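Q: Structure below; questions to follow.
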Amino acid sequence: MKAIAILTAVYISMVTLINPIDDKEKYKQEIINTDLSMSELAASEGFNTALAKYASDEFVKFGEEYRPTIGIKEFEEKYKSNPGPKTLTWKPAGCDVSVSGDLGYTWGNWKFVLPDTVLYGNYFTAWKRQSDGSWKMALDGGNQTLSPGN
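Per this note's numbering, residue 1382 is the first one in the sequence shown, and the count goes up by one each step.
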């Protein structure tokens, strides 16, 4: 009888530790909503302003520079007097979240309207759940495409 009680306790402990999150769809929707809110802020206040608000302290931003920008302090120093374009918007096309519910990603398409042309591209963003339940960018990058949605 004692062995059954011990085995039951071990089983319950293991199931609790490896059980996938029940809130996966909820977390995916939170990440998508965060991504969309960031795009809206970029359209109203500028991309760099939005990125500074939604990036974690240690985030990594891949861009057209030779090396990625590492950390919010480096990003803010680089762009402190430039709020960034207000004509860059994006929309997530896909999202997923880890079994633990603390990491997720979005990917999608962006559009950058300039005075004489429109540029299109794809992006990816990795999101990290914060202790307060919010989501912050951990990794971000993308590329230009020839036409929308490619």
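Glycine included, C-beta positions come from ideal geometry on N, C-alpha and C.
The structure presented is a predicted model; accordingly, all values stated were derived computationally and were not measured.
Around the C-beta of T1498, are 16 or more other C-beta atoms found within 10 angstroms, so that it is buried, or is it exposed?
A: The residue is exposed, with fewer than 16 neighbouring Cβ atoms inside 10 Å.
Q: So which of G1523, Y1460 and D1477 has the shortest CA-CA distance to K1509?
A: It is D1477 whose Cα lies nearest to the Cα of K1509.
Q: Applying the 10 Å Cβ sphere with the 16-neighbour rule, what's the burial state of P1529?
A: By the neighbour-count rule (16 or more Cβ atoms within 10 Å), P1529 is not buried but exposed.
Q: Measuring straight from C-alpha to C-alpha, what distance separates V1494 and W1488?
A: Going by the C-alpha atoms only, they are around 20 Å apart.
Q: Considering N1524, what are the terminal residues of the beta strand (DSSP E) in which it resides?
A: Element bounds for N1524: W1516 to T1526.
Q: Considering only their Cβ atoms, is the gap separating P1449 from F1440 smaller than 7 Å?
A: No, they are not a contact pair.
Q: Please report the straight-line C-alpha distance between K1409 and G1465, rounded to a whole angstrom.
A: When rounded, the distance between both Cα atoms is 28 Å.
Q: Straight-line CA distance for D1483 to Y1504?
A: Using only the alpha carbons, I get a separation of about 21 Å.
Q: Which class does D1403 belong to by DSSP, given the choice of helix, strand or coil?
A: Three-state DSSP puts D1403 in coil, outside helix and strand.
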